[in-house]
Structure formats: C-alpha cells, structure tokens
Amino acid sequence: MKNFGLYIREKIGWLAVILLTVLLMTAILLLNRIPVQEIVYGILLCLFVTAIIVATGYGRHCESFRQLEELRKNIAIVSSDMKESEYMYEEYYQDCIRVLGQEKDKIQKELLNRQQDITAYYSMWVHQIKTPIAAMKLLLDEEMNIYLDIDEIEENDTRVINIRQKQNELFRIEQYVDMALQYTRLGAETNDFVLQNILLDEVIRPSIHKYAKQFVYKQLRLNYNPQSITASTDKKWLGFVMDQLLSNAVKYTKKGGVTIQVCYIEQGQMSNLEDVSDNKEEIKYWYEKNTVLQKGVRIVVEDTGIGISAEDLPRVCEKGYTGYNGHADKYSTGIGLYLCQAILKKLGHQFQITSEQGKGTKAEIVLFYE
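By the numbering used here, the letter at position 304 of the sequence shown is numbered 290, and the numbering carries on one by one without gaps.
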C-alpha cells in the first residue's frame, strides 16, 4: 500500500492532466448539447482505460522497486543484475549504479591487497625481530649463569636482580610482538582457523611453561590439575588466548596465585532473563521455548589479584580500553582482552569475565558441542 501511494505521488502530474482533459471535454460536450448518458459513458471508458494503464505501470514499478531493494543489499553490481530499462532516465541511473559498483569493487580490492601487504610485512617483521630477541635471551641467561656460578653472589644480589628485570622487560617485548602479529592476522580478510579435536592440556601447558619464570619471580602459586579432556578448537589461537589470560593474571596479582580449571559442563543457553519479562510465568515459558541444552567444556583462569572495578568491568573487552588498572599500569594497551573476545567469537566459543575489586578476577571460556 505504501508503494502504491508513492507510485501515485510520482504520477500525480500525469493523472492531473488526464483529469483536466476529461473535465474540459465534458464541458465542451455539454455546451454542444450531447446527451448526459453518452458523456457519462465516455467518462467511464476513460477512467477504465486510465485504471488499466495505472495498474500496468504500478506492476512495472513494483518489479523495479523489488530489484532495487535486492541491489541495495549488495551493491557489488554487474550489468546482468539489472533488467533492460524502458526509459532513458533509468539508463542513466543504471549507468551511475554500475560505476558506483565498479568503484566499490576497486576500493575493496585495494583494501584487501593493502591488508595482505600489512599482514605479510608484520609476519616478516615478527620473524626477523625474534632473532635478536632470542640472542638477547641467550646473552642474559649466560650473564645470569656467570653470576650464579660465583659463590659470593646470591639471588638477592643487585646484579642478579637487574638481570631478572632485563629478562622480564625482554619477555614483555616478546609478548607485544606476538600481540601485534595476531592483531594484524585477526583483521585480515582470511584467517587461518583450523578446528580439530585436541587435548586441552596440550594448549594450557605451553602457556604455563611460558610464564613459569614470571610466577617464580613474583612468588605466585599456580594451581592446575591436568585433565584428559578434549574439545574442538584451534590449538594455536586458543593458546594465544590462554597466554593473554595468564599474562593479565600474573600482571595484576601481587600475592596469592592463579588457578586453572578444566571441566565438563551441561547447561542451558539463554539470554539474561531480566531482559525478557518481569513476569515469572512468562520467564518460565520463554525459558522452555528458547533453552537449548548443550554439553561443553569450561576453562577457568582465576587469580587473587587486584580485581576490576564494577565501572570498568562491562568495557574491559573494548578495543583500547584500559580502565583504572590500565591507567595505574603504564604498559597496559587495552588490546589483550579485546583480542581474546574477538578470537573466541570467531571460534564459536563463549567468553565471560567476572571480578570483584580487591579480591580477584575470573575468566571463563566455554567450548560447546552437541
């Protein structure tokens, strides 16, 4: 009905001309003493022909409108997508649309090529920068061994502490290098996600080993009981997420420790019931209609650190958001948790963070399967 109104509004000038013509002819026929019955017959005949013309035109209008709606959904247009126009002004419109579509395709290809070039450059840069990082690691380890071989020097010696600090800063650089590479890869048009059934312990243990020195340096406990639990995921990307979660746990925990748990779950998937209704009966009905029981695996990384404030918690996964903790830590980038959420979303996993300021933070990953 809305389209018909638009069509009539578009043709209002043409219809007004027909109406004025009919009125003028009626006046002329009346002045010539033509019988009224014949005049009425002529008017009805004109209205009938006009109605046929309007109906036919409206049909073509609806078809053109439908085609435009389809083309609007995907502006990547080629000539074959549009029917041959009947009017010259439509041909001009179609030419403009074709030019816009070609320009859009050109821009998309340029952006894709640029993104691929950036990803390739970062990949090359990461591999190149890892060579001096590895060399610096070896030099610091050798220097540490030399000092520790001297009986007079102890672990709390200033020179040993300085080397530990250098090792920690070098480790931080290595983290940021990996984060830069993953950030670039995640934004690429194609991602190298490979889902397969893997033993989750094979993902968690390398991350623990990677941060072992950080636990020792900060004198933190690590509670982890390995389980023979498998799940369908991408080993490399999930490993990166575990690295980020452990990094945050160690960074913001001054005393106590970190606990990692892996367990099977069976629960219903549903949204926040408060958003559905305040009526308990309606909530019960909604839950029964929309709940899908799924089995899955939960990975929990929980620390006894400084926690996250209630104001910052809803935004901790936003890109670049650092919050109060980030302002206190000058090294914070606000990218780590954003990458975790983005990666897990692409993998089809769920991610949730709960925290209480001053008591600690708990990060949960849920990997569902039927």
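Think of the CB as a built atom: it goes at the ideal place given N, C-alpha and C, for glycine as much as any other residue.
Residue i classed as buried or exposed, judged by whether at least 16 other C-beta atoms fall within 10 angstroms
| i | result |
| --- | --- |
| Met228 | buried |
| Ile246 | buried |
| Asn276 | Confidence in Asn276 is poor, its pLDDT being 44 and thus under 50, which makes the residue's placement unreliable; the coordinate value appears in the next sentence. It counts as exposed. |
| Gly322 | buried |
| Gln230 | buried |
| Glu155 | exposed |
| Arg52 | exposed |
| Thr117 | exposed |
| Tyr27 | exposed |
| Glu56 | exposed |
| Gly291 | buried |
| Gly344 | exposed |
| Thr219 | buried |
| Ala217 | buried |
| Tyr79 | exposed |
| Val302 | buried |
| Asp289 | buried |
| Tyr197 | buried |
| Ile20 | exposed |
| Leu10 | exposed |
| Phe337 | buried |
| Ala244 | Looking at the sequence shown, residue 244 is not Ala but Val. So Val244 counts as buried. |
| Leu(-8) | exposed |
| Ile38 | exposed |
| Ile339 | buried |
| His335 | buried |
| Lys266 | Residue confidence is low: Lys266 scores 43 on pLDDT, short of 50, so the model does not pin down where it sits. Its coordinate-derived value is still stated next. Label assigned to Lys266: exposed. |
Boundaries (first-last residue) of the alpha helix (DSSP H) holding residue i
| i | result |
| --- | --- |
| Ser384 | Past the boundaries of the shown model lies residue 384; the chain is included only from -13 to 356, so the question cannot be answered. |
| Tyr324 | 322 to 333 |
| Phe226 | 221 to 237 |
| Ile14 | -2 to 17 |
Residue range of the beta strand (DSSP E) that includes residue i
| i | result |
| --- | --- |
| Leu185 | 182 to 185 |
| Ser200 | Inspection of the sequence shows that residue 200 is occupied by Gln rather than by Ser. Per DSSP, Gln200 belongs to no beta strand (DSSP E); it is in the alpha helix (DSSP H), 198 to 204. |
| Glu155 | Where Glu155 is concerned, there is no enclosing beta strand (DSSP E), although the alpha helix (DSSP H) it sits in stretches over 144 to 172. |
| Ile339 | 336 to 342 |
| Asn209 | 207 to 210 |
Cβ-Cβ distance between residue i and residue j below 9 Å
| i | j | result |
| --- | --- | --- |
| Phe201 | Val236 | yes |
| Ser341 | Ile294 | yes |
| Thr239 | Gly320 | no |
| Ile194 | Leu208 | yes |
| Ala349 | Val283 | no |
| Thr36 | Ile14 | no |
| Gln161 | Leu126 | no |
| Leu325 | Leu86 | no |
| Val146 | Ile251 | no |
| Thr16 | Ile25 | Note that residue 16 is Leu in the sequence shown here, rather than Thr. Yes, the pair counts as a contact, with Cβ atoms nearer than the cut-off. |
| Leu333 | Leu181 | yes |
| Thr42 | Thr105 | no |
| Met130 | Ile159 | no |
| Leu6 | Val40 | no |
| Lys241 | Phe354 | no |
Contact test: residue i Cβ vs the ligand COA heavy atom, cutoff 8 Å
| i | result |
| --- | --- |
| Tyr250 | Because no ligand of any kind appears in the structure shown, any question about the ligand COA cannot be addressed here. |
Short CB-CB distance (under 9 Å) between residue i and chain C
| i | result |
| --- | --- |
| Leu10 | Protein chains in the displayed structure number just one, and chain C is not present. |
Evaluate contact between the region 324 to 342 and the region 224 to 243, counting only Cβ atoms and requiring at least three cross-stretch pairs below 8 Å. yes
Sufficient close CB pairs (3 or more, under 8 Å) joining the region 156 to 165 to the region 95 to 104: As far as the Cβ criterion goes, the region 156 to 165 does not touch the region 95 to 104, which means the pair count is below three.
Count the C-beta pairs between the region -7 to 6 and the region 42 to 49 that are closer than 8 Å, then say yes if the count reaches three, no if not. yes
Validate contact between the region 181 to 188 and the region 206 to 221 using beta carbons, cut 8 Å, 3 pairs: They touch, by the three-pair rule.
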